[in-house]
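A.B. asks: For the sequence shown, the positions run 1 to 580 when the UniProt record's numbering is used. Ideal Cβ placement from N, Cα and C applies to all residues, glycine included. Since the model is a prediction, treat every value here as computed from it, not as a measurement.
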Amino acid sequence: MPKVKMTPSEAICETLVAEGIDHVTGIVGSAFMDLLDLFPIAGISFIPVRHEQSAGHMEDAFCRVTGRSGVIIGQNGPGITNMVTSVAAANSAHTPMVVICPSAGTPTVGWDGFQEADTVKIFEAITKETIRVPHPSRAADCLRTAFRIAYAERGPVLYDIPRDYFYGEISEQILEPHQYRVDQRGCGDLASIDKAAELLISAQRPVVISGRGVVDTQSKDVVARIAEILTAPVACTYLHNDAFPYDHPLWVGPIGYMGSKAAMNLVAEADVILALGTRLSVFGTTPQYDIDYFPESAKIIQVDINPRHIARTHPVEVGLIADAKEAAKEILKRLEERIAEPKVEQDRLTQIKAQQNAWEEEIVQLAMVDGYPINPRRALYEIQKALPENAIVATDIGNVSSTANSYLKFKGAGKHIAALTFGNTGFAYPAALGAQLAEPDSPVVAIIGDGAWGMSLHEVSTAVEHNLPVVAIVFRNGAWCAEKKNQIDFYNNRFVGVDIPTPESFAPVAIAMGAEGIRVSKAEEVGPALQKALNSRKPTVLEIVCDGTQLAPPFRKDALKLPTRLLPKYSSLDVSNWDK
Numbered sequence: 001m002p003k004v005k006m007t008p009s010e011a012i013c014e015t016l017v018a019e020g021i022d023h024v025t026g027i028v029g030s031a032f033m034d035l036l037d038l039f040p041i042a043g044i045s046f047i048p049v050r051h052e053q054s055a056g057h058m059e060d061a062f063c064r065v066t067g068r069s070g071v072i073i074g075q076n077g078p079g080i081t082n083m084v085t086s087v088a089a090a091n092s093a094h095t096p097m098v099v100i101c102p103s104a105g106t107p108t109v110g111w112d113g114f115q116e117a118d119t120v121k122i123f124e125a126i127t128k129e130t131i132r133v134p135h136p137s138r139a140a141d142c143l144r145t146a147f148r149i150a151y152a153e154r155g156p157v158l159y160d161i162p163r164d165y166f167y168g169e170i171s172e173q174i175l176e177p178h179q180y181r182v183d184q185r186g187c188g189d190l191a192s193i194d195k196a197a198e199l200l201i202s203a204q205r206p207v208v209i210s211g212r213g214v215v216d217t218q219s220k221d222v223v224a225r226i227a228e229i230l231t232a233p234v235a236c237t238y239l240h241n242d243a244f245p246y247d248h249p250l251w252v253g254p255i256g257y258m259g260s261k262a263a264m265n266l267v268a269e270a271d272v273i274l275a276l277g278t279r280l281s282v283f284g285t286t287p288q289y290d291i292d293y294f295p296e297s298a299k300i301i302q303v304d305i306n307p308r309h310i311a312r313t314h315p316v317e318v319g320l321i322a323d324a325k326e327a328a329k330e331i332l333k334r335l336e337e338r339i340a341e342p343k344v345e346q347d348r349l350t351q352i353k354a355q356q357n358a359w360e361e362e363i364v365q366l367a368m369v370d371g372y373p374i375n376p377r378r379a380l381y382e383i384q385k386a387l388p389e390n391a392i393v394a395t396d397i398g399n400v401s402s403t404a405n406s407y408l409k410f411k412g413a414g415k416h417i418a419a420l421t422f423g424n425t426g427f428a429y430p431a432a433l434g435a436q437l438a439e440p441d442s443p444v445v446a447i448i449g450d451g452a453w454g455m456s457l458h459e460v461s462t463a464v465e466h467n468l469p470v471v472a473i474v475f476r477n478g479a480w481c482a483e484k485k486n487q488i489d490f491y492n493n494r495f496v497g498v499d500i501p502t503p504e505s506f507a508p509v510a511i512a513m514g515a516e517g518i519r520v521s522k523a524e525e526v527g528p529a530l531q532k533a534l535n536s537r538k539p540t541v542l543e544i545v546c547d548g549t550q551l552a553p554p555f556r557k558d559a560l561k562l563p564t565r566l567l568p569k570y571s572s573l574d575v576s577n578w579d580k
């Protein structure tokens, strides 16, 4: 196709169409109205939200569900800076995303004009790249570069365009994505694949750790076959509970905070670890339940698409810069060639099953302890039992949301969309809305504490506006309980800033906003209430009144110390004086 005359706005819009973008999320602003005007005819829906941060979380989840880059946009200056937290979260989650960032008009840059901000500098540390459009004629070229980097480096890219560059006349050729970026990554170095296979064959206690890369490449079946040949337990990485089906006999659950003791005990004994599609993050592999489970002596085979992640946190025996599925297929091929008739190691399988059963029994017993009015673990247990197999579950950060890591299980059809190691509150509900956009027919729920809900409830009107039947499951315990637990264990029950006394109930608030509102205060009501909410196919807030004294272990036990006070004024707070 030869170059033709068009406006920069048209070049941007046509590049979005070529990329298959069918919607853009944000809040309307004068800076990009010339582009916005083209969307309806181009077939691109504009999804307005109530706060720009929510746009980033929605598109983060949309990409995790579909594999397609999300696109967000906002007004120059404060509209874009409102997106900082959600873009940083997407960056930490390795989620491709393009942030269309109008900036101040070129004639007034540097004069502190209305809504002027150097957003490029602000976003440099939280994106894979910041791209400034240097001239209107480069509008499409720079946008193509943004998509190329977002997909190649797995993260958000800021596309900064001065607001006056949307206008004018340019000559441009609209390219198809295959003409400017490559999606296939391959299996990695074949000699390293051979070495990995040899290590696994010779291992006495191999363990597979399945991560986000396995989810994104839909390679759980390949991982299962590898595990079956080796009789190797499969653990999921931290907050990727959907990385392996729980009904498989070799599944042992997730590692990391509030994860599975079965997974951690078996990882601790491993002599060879196959870590597929994971960066093996520091927080995701730190000791939990006083189990220092990540073995220093194990030989690690790490497969990750990003070369920066290989051996960044743990030394490896074999590193593979590769697509998780392609590498797993090549490893499987070699295992099948070498082990023609694999036999289940019955003793190993018995050991794995014993660990699974012990952990399941423990978390069920913990859930059945009476709470007043409801033990939050009991509520999580009942939620898991009531969830359909194809449910998408978004989880926030905090005491109850993190405890969900112990209970959430996925057979393979569903998805776990978590706040991950960036750990910002207010993530789960807008993420759930984005997941619902991605899969309109799937049941979608969000698990949220009442602290995080205070940062999210404004988006109920977004759900109502766009008819997104997400069920927000809000745990009402009246406090920021992760921090409350810290103040219990480390500050002698001195509570500052942790109580959330109002409102009395969020259910009437939801109803006032046009959604359904349900409040439950009995454990046996949780499952039926969730089923009712899901069956209604309406935006719903399901409020669970739970016991605020039944708390999980400290979230950052590794980063806290008992207080010492040196000034006489504060001596009563010193740990040495607590019993005096």
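Return the bridge partner residues of M6 from the DSSP annotation.
C.D. replies: Bridge partners of M6: I170.
A.B. asks: What's the C-alpha gap between L534 and E52?
C.D. replies: Approximately 27 Å between the Cα atoms of the pair.
A.B. asks: Judging by CA-CA distance, which residue of I255, T237 and A262 is the nearest neighbour of P249?
C.D. replies: If we check each option's Cα against that of P249, A262 comes out closest.
A.B. asks: In whole angstroms, what separates the C-alpha of P373 from that of A438?
C.D. replies: Approximately 36 Å, taken between the alpha carbons.
A.B. asks: Here's the rule: buried if 16 or more other CB atoms are within 10 angstroms of the residue's CB, otherwise exposed. What is D450?
C.D. replies: Buried is the call here.
A.B. asks: Which residue wins for smallest C-alpha separation from L433, given the options S92, N424 and A446?
C.D. replies: Comparing Cα-Cα distances from L433 to each of S92, N424 and A446, the minimum goes to A446.
A.B. asks: Using a Cβ-Cβ cutoff of less than 6 Å, which residues in the same chain neighbour R476 once the five nearest sequence positions on both sides are dropped?
C.D. replies: Answer for R476: D450, E543 and V545, listed in chain order.
A.B. asks: If you scan the stretch 57 to 82 from start to end, which runs of the alpha helix (DSSP H) of 4 or more residues do you find wholly inside it?
C.D. replies: The qualifying runs are 78 to 81.
A.B. asks: Any contact between the stretch 271 to 291 and the stretch 224 to 239? By contact I mean 3 or more CB pairs, one from each, below 8 Å.
C.D. replies: The stretch 271 to 291 vs the stretch 224 to 239: in contact.
A.B. asks: Beta-carbon separation of residue 582 and T540 under 8 Å?
C.D. replies: Nothing about residue 582 can be reported from this structure: the residues present for the chain run from 1 to 580 only.
A.B. asks: Between V464 and A386, is the Cβ-Cβ spacing less than 8 Å?
C.D. replies: Cβ distance not < 8 Å, so V464 and A386 don't count as in contact.
A.B. asks: Could you say if the stretch 187 to 201 and the stretch 164 to 171 meet the contact criterion of at least three C-beta pairs nearer than 8 Å?
C.D. replies: No, because fewer than three Cβ pairs between the stretch 187 to 201 and the stretch 164 to 171 fall closer than 8 Å, the two stretches do not touch.
A.B. asks: Please list the segments of the alpha helix (DSSP H) lying wholly inside the stretch 334 to 377, counting only runs of 4 or more residues, in order along the chain.
C.D. replies: Correct list: 346 to 367.
A.B. asks: Quick check on D189: does DSSP put it in helix, strand or coil?
C.D. replies: DSSP places D189 in coil when its eight states are reduced to three.
A.B. asks: Quick one: give me the first and last residue of the alpha helix (DSSP H) that A262 is part of.
C.D. replies: Taken as a continuous stretch (DSSP letters only), the alpha helix (DSSP H) holding A262 covers K261 to A268.
A.B. asks: Distance, Cα to Cα, A243 vs P48?
C.D. replies: Straight-line Cα distance between these residues: approximately 32 Å.
A.B. asks: Nearest-angstrom Cα distance between H94 and Q531?
C.D. replies: Whole-angstrom Cα-Cα distance: 33 Å.
A.B. asks: To the nearest angstrom, report how far apart K538 and P563 are at their CA atoms.
C.D. replies: Near 48 Å, if we compare the C-alpha coordinates of P563 and K538.
A.B. asks: In whole angstroms, what separates the C-alpha of A88 from that of T425?
C.D. replies: Distance between the alpha carbons of A88 and T425 is about 13 Å.
A.B. asks: Pairs of beta-carbons, one from the stretch 322 to 329 and one from the stretch 210 to 222, closer than 8 Å: are there three or more?
C.D. replies: The answer is yes - the stretch 210 to 222 touches the stretch 322 to 329, with three or more Cβ pairs under 8 Å.
A.B. asks: Could you tell me the distance, in whole angstroms, from the CA atom of A18 to the CA atom of I174?
C.D. replies: Their Cα atoms are separated by approximately 8 Å.
A.B. asks: Do you know how far the Cα of K569 is from the Cα of residue 584?
C.D. replies: With the chain covering 1 to 580 only, the question about residue 584 has no answer from this structure.
A.B. asks: Measuring only the C-alpha atoms, how far is L344 from R338?
C.D. replies: Residue 344 is actually Val in this sequence, not Leu. Approximately 15 Å between the Cα atoms of the pair.
A.B. asks: Here's the rule I'm using: 16 or more other beta-carbon atoms within 10 Å means buried, otherwise exposed. How should L566 be labelled?
C.D. replies: Burial call: exposed.
A.B. asks: Where in the stretch 477 to 559 do unbroken runs of the alpha helix (DSSP H), each at least 4 residues long, occur, reported from the N-terminal end onward?
C.D. replies: With a minimum length of 4 residues, the continuous alpha helix (DSSP H) runs that stay inside the stretch 477 to 559 are 481 to 490, 507 to 512 and 523 to 536.
A.B. asks: How would you call N357, buried or exposed, if buried means at least 16 neighbouring beta carbons within 10 angstroms?
C.D. replies: N357 should be labelled exposed.
A.B. asks: Should H178 go down as buried or exposed, given a rule of 16 or more other Cβ atoms within 10 Å for buried?
C.D. replies: Result: exposed.
A.B. asks: Let's test the definition: count the other Cβ atoms within 10 Å of the Cβ of K128 and tell me whether it reaches 16, buried, or not, exposed.
C.D. replies: So K128 counts as buried.
A.B. asks: How many angstroms separate the CA atom of R68 from the CA atom of M97?
C.D. replies: C-alpha separation (whole angstroms): 9 Å.
A.B. asks: Closest by CA to R50, which one among Y246, P430, S210 and A117?
C.D. replies: For the residues Y246, P430, S210 and A117, the minimum Cα distance to R50 belongs to P430.
A.B. asks: To the nearest angstrom, how far is it from the Cα of T108 to the Cα of R181?
C.D. replies: Going by the C-alpha atoms only, they are around 35 Å apart.
A.B. asks: Helix, strand or coil for Y151, going by three-state DSSP, please let me know.
C.D. replies: It is helical.
A.B. asks: Could you tell me the alpha carbon to alpha carbon distance between E172 and T15, rounded to whole angstroms?
C.D. replies: Taking the straight line joining both Cα atoms gives about 11 Å.
A.B. asks: Taking buried to mean at least 16 other C-beta atoms within 10 Å of its own C-beta, is A379 buried or exposed?
C.D. replies: It counts as buried.
A.B. asks: What did DSSP end up calling V223 once you bin it into helix, strand or coil?
C.D. replies: V223 falls in the helix class under three-state DSSP.
A.B. asks: Using a 10 Å radius around the Cβ and a threshold of 16 neighbouring Cβ atoms, would you call G29 buried or exposed?
C.D. replies: Buried is the call here.
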